[in-house]
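Quick note: the sequence shown uses my numbering, first residue 1, plus one each step. Here a beta-carbon is modelled for each residue, glycine too, at the ideal position from N, C-alpha and C. In what follows, a structure is listed as structure tokens, so that the remarks can point back to it.
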Amino acid sequence: MPPSQRLRSSTPDHLHVAIVAPAGLPGVGEVAERVGASLQRHGHSVIHRPAPEGDWGEGGFHTQAPDPDKIDLVIVLGGDGTILRTARWMGYGQVPVMGVNLGHLGFLADFSRDEVDEVLMEIAAGRFRLVDHLMLECELLRDGEPPRRQLGLNETSVLAGPPFSMIDILLHVDGELATTYRSDGLIVSTPVGSTAYSLSAGGPLVRKDLDAFVFTPLNPHTLTNRTVVDSATRQYEVSVPRPNGGSACVVDGHVFAPLLPGDRLRVRRAEPRFTLVETRNHGYYRTLREKLHWGGGLRGAGTPPARPPSTPE
1 MPPSQRLRSS TPDHLHVAIV APAGLPGVGE VAERVGASLQ RHGHSVIHRP
51 APEGDWGEGG FHTQAPDPDK IDLVIVLGGD GTILRTARWM GYGQVPVMGV
101 NLGHLGFLAD FSRDEVDEVL MEIAAGRFRL VDHLMLECEL LRDGEPPRRQ
151 LGLNETSVLA GPPFSMIDIL LHVDGELATT YRSDGLIVST PVGSTAYSLS
201 AGGPLVRKDL DAFVFTPLNP HTLTNRTVVD SATRQYEVSV PRPNGGSACV
251 VDGHVFAPLL PGDRLRVRRA EPRFTLVETR NHGYYRTLRE KLHWGGGLRG
301 AGTPPARPPS TPE
């Protein structure tokens with residue numbers, strides 16, 4: 001297994017693991033105890049237990065994030081929203097994540113609670129891979145104030161807000177004006193986020209290991225402003241010359257800042273990568289098929305069953 005595919009520990013049969021989950025989620029305490037007991041049976045050390053949601057909620061992260069020099073793996077109990085929050089909580093010190101789905105969709109939280117034992121055995125045997133995913137950094141530049149930065153895993157969005165009239169959104173690419181959107185907003189999505197808000201707004205699916213951003217306007221008042229996919233190696237700047245009173249920049253579903261005239265938002269590839277654990281029977285296309293029902297046949301035509309691959313997809 002190449003070094004980029006290894007956990008911090010050179011002995012995957014003895015890992016230092018952090019368990020992360022909002023304590024208010026129904027049934028999470030019982031699942032956490034079961035996962036912790038399973039970890040200890042396999043010879044692993046459990047470093048953290050689920051904290052009260054307020055300790056790492058929207059008002060700030062009061063519980064210390066895992067130290068990437070001491071923690072091999074973070075097991076997140078919950079749904080995709082919990083994983084997004086955990087990614088922000090870890091900030092610039094990302095640790096590989098294994099998502100256990102206790103919610104609804106579970107696109108990022110791909111494993112079920114009943115698969116935990118099996119996945120831990122796969123990890124101990126080296127039958128897994130670590131898949132790095134692009135994160136974005138959104139920087140707010142406002143006259144008279146120091147820059148503010150926020151990491152995102154899914155997307156950053158500029159939303160018109162109340163009184164809900166359309167706004168003009170200028171997009172510059174590497175300092176050059178690319179286009180002006182007259183719309184209800186603009187979503188700048190990572191490949192991971194291409195299956196979330198951007199997809200709902202008509203954007204494309206982009207394989208999650210690509211280095212690209214997806215620009216999806218919300219209800220553009222023209223036939224020519226459609227989704228564009230561009231390289232994540234460029235620097236993008238978004239501005240709204242005349243924002244509404246309620247216009248805002250939102251990162252991964254949470255308000256980063258209200259928008260004022262003269263504000264500029266720089267969006268670029270973040271230095272850290274978000275890393276997910278995948279095993280042989282859990283790959284990108286299987287997740288698309290099972291969670292988003294992608295690639296289904298015509299009604300009545302029938303679709304042949306998918307054969308589990310012998311190697312990770």
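Contact set for residue i: own chain, Cβ-Cβ below 7 Å, skip 5 residues either direction
| i | result |
| --- | --- |
| residue 14 | 43, 44 |
| residue 147 | 139, 140, 141 |
| residue 323 | Here the chain has residues from 1 to 313 only, and residue 323 is not among them. |
| residue 143 | 262 |
| residue 291 | 105, 106, 107 |
| residue 3 | Any reading at residue 3 needs caution, since the residue's pLDDT is 35, under 50, leaving its predicted position unreliable; the model's value is listed next. No residues qualify anywhere along the chain. |
| residue 326 | The chain is shown only over 1 to 313; residue 326 falls outside these bounds and no answer can be derived. |
CB-CB length for residue i against residue j, believed under 8 Å
| i | j | result |
| --- | --- | --- |
| residue 235 | residue 268 | 5 Å |
| residue 243 | residue 217 | 16 Å between Cβ atoms; not a contact. |
| residue 314 | residue 190 | With the chain covering only 1 through 313, there is no way to say anything about residue 314. |
| residue 103 | residue 79 | 2 Å |
| residue 134 | residue 232 | 6 Å |
| residue 108 | residue 28 | That belief does not hold up - the Cβ atoms of residue 108 and residue 28 are roughly 17 Å apart, past 8 Å. |
| residue 197 | residue 155 | 6 Å |
| residue 151 | residue 270 | 6 Å |
| residue 250 | residue 157 | 5 Å |
| residue 68 | residue 97 | Going by Cβ atoms, the distance from residue 68 to residue 97 rounds to 12 Å, so no, they are not a contact pair. |
| residue 248 | residue 159 | 6 Å |
| residue 212 | residue 229 | 5 Å |
| residue 153 | residue 252 | 6 Å |
| residue 224 | residue 202 | 14 Å between Cβ atoms; not a contact. |
Contact set for residue i: own chain, Cβ-Cβ below 6 Å, skip 5 residues either direction
| i | result |
| --- | --- |
| residue 172 | 237 |
| residue 92 | 272 |
| residue 111 | 100, 119 |
| residue 132 | 273, 275 |
| residue 82 | 76 |
| residue 65 | 89, 90 |
| residue 282 | 110 |
Spatial neighbours of residue i in its chain, beta-carbon cut-off 8 Å, leaving aside the 5 residues before and after
| i | result |
| --- | --- |
| residue 17 | 39, 44, 45, 46, 47, 71, 72, 73, 74, 75 |
| residue 301 | With a pLDDT of 46 at residue 301, under the threshold of 50, the predicted position of this residue should be treated as unreliable, though the coordinate-derived value follows. Nothing meets the Cβ criterion. |
| residue 168 | 180, 181, 182, 240, 241, 242 |
| residue 207 | 191, 284 |
| residue 186 | 157, 158, 169, 171, 215, 216, 217, 218, 238 |
| residue 34 | 113, 116 |
| residue 163 | 244, 245, 246 |
Per-residue burial, residue i [other beta carbons within 10 Å of its own, 16 or more giving buried]
| i | result |
| --- | --- |
| residue 279 | buried |
| residue 220 | buried |
| residue 161 | buried |
| residue 30 | exposed |
| residue 41 | exposed |
| residue 89 | buried |
| residue 204 | exposed |
| residue 184 | buried |
| residue 293 | exposed |
| residue 193 | buried |
| residue 86 | buried |
| residue 222 | exposed |
is_contact[residue i, chain B] using C-beta, thresh 7 Å
| i | result |
| --- | --- |
| residue 162 | Absence of chain B from the displayed structure is noted, only one protein chain being present. |
Range covered by the beta strand (DSSP E) that runs through residue i
| i | result |
| --- | --- |
| residue 98 | 97–101 |
| residue 284 | Residue 284 -> not in any beta strand (DSSP E); alpha helix (DSSP H) instead, spanning 284–292. |
| residue 21 | From DSSP, residue 21 is part of no beta strand (DSSP E); its letter is neither H nor E. |
| residue 228 | 228–231 |
| residue 214 | 212–218 |
Limits of the unbroken alpha helix (DSSP H) element including residue i
| i | result |
| --- | --- |
| residue 81 | 80–90 |
| residue 257 | Residue 257 -> not in any alpha helix (DSSP H); beta strand (DSSP E) instead, spanning 254–258. |
| residue 36 | 28–41 |
| residue 114 | From DSSP, residue 114 is part of no alpha helix (DSSP H); its letter is neither H nor E. |
| residue 159 | Note, residue 159: premise wrong, no alpha helix (DSSP H); beta strand (DSSP E) at 155–159. |
| residue 198 | 197–200 |
Cross-strand partners of residue i (DSSP beta bridge)
| i | result |
| --- | --- |
| residue 179 | 171 |
| residue 75 | 19, 98 |
| residue 236 | 173, 267 |
| residue 133 | 274 |
| residue 187 | 157, 216 |
| residue 248 | 159, 258 |
| residue 150 | 138 |
| residue 46 | 17 |
| residue 279 | 128 |
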